[in-house]
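When we follow numbering that gives the first Met the number 0, the leftmost residue of the sequence shown carries the number 0, and every step to the right adds one. Glycine residues also receive a C-beta, built at the ideal position from the N, C-alpha and C atoms. Let me begin by presenting the structure, written as structure tokens, before commenting on it.
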Amino acid sequence: MALIKSFEELDCWKVSRELRLDLSNLIKPFPKEEKFELVSQIRRASRSVTNNIAEGFGRYHYKEFIRFCRMSRGSLTELADHLIIAHDEDYITTDQLSCHRDKIAKAVVLINGFIKYLEKRNKDTGSSKK
0 MALIKSFEEL DCWKVSRELR LDLSNLIKPF PKEEKFELVS QIRRASRSVT NNIAEGFGRY
60 HYKEFIRFCR MSRGSLTELA DHLIIAHDED YITTDQLSCH RDKIAKAVVL INGFIKYLEK
120 RNKDTGSSKK
């Protein structure tokens, strides 16, 4: 793997960014009473995914980066639950839920693959430094 100079080059960050942008558009028509509830939670969780990948990249240690990737993965799971709630409240359609759950699943697969890569690199180098 070529030397990565920025978190913006990571596929897991790119896909998560696309998901965040998609969700930002999805939540715009939600009812006003959800602005500080479900809308805020979706916005914060979707931002947390990319934020944690970026922060982990800046830590320069494999173990710390792995920990932040796991937090990103947790935020993706949280997003899935928020979208189920949105569906249960009839804010989104079954098709919208399915589409976004597929996008979440893709992001999880990429983050899991990246975690495995980082774990291997950590083991191979025998140290926690990148």
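- Message: Rounded to the nearest angstrom, what separates Ala-104 and Gln-40 at their Cα positions?
- Response: When rounded, the distance between both Cα atoms is 19 Å.
- Message: Does Ser-74 pass the burial test, meaning 16 or more other C-beta atoms within 10 Å, or should it be called exposed?
- Response: When all chains shown are included, Ser-74 counts as buried.
- With 16 other CB atoms within 10 Å as the buried threshold, where does Tyr-59 fall? exposed
- Query: Whole-angstrom Cβ separation of Leu-96 and Leu-82, contact assumed at under 8 Å?
  - Reply: 6 Å
- Check the DSSP bridge columns for His-81 and list the partner residues they point to. Paired residue(s): none; His-81 is not in a bridge.
- Query: Is it the case that the Cβ atoms of Phe-67 and Gly-55 are separated by a distance below 7 Å?
  - Reply: yes
- Message: Excluding the 5 residues flanking Val-38 on each side, which residues of the same chain have their C-beta closer than 7 Å to its C-beta?
- Response: Ile-26, Phe-29
- Shortest alpha-carbon distance to Glu-88 belongs to which of Arg-16, Asp-10, Glu-32, Val-108? Glu-32
- Task: With DSSP collapsed to three states, give me the class of Asp-89.
- Result: coil
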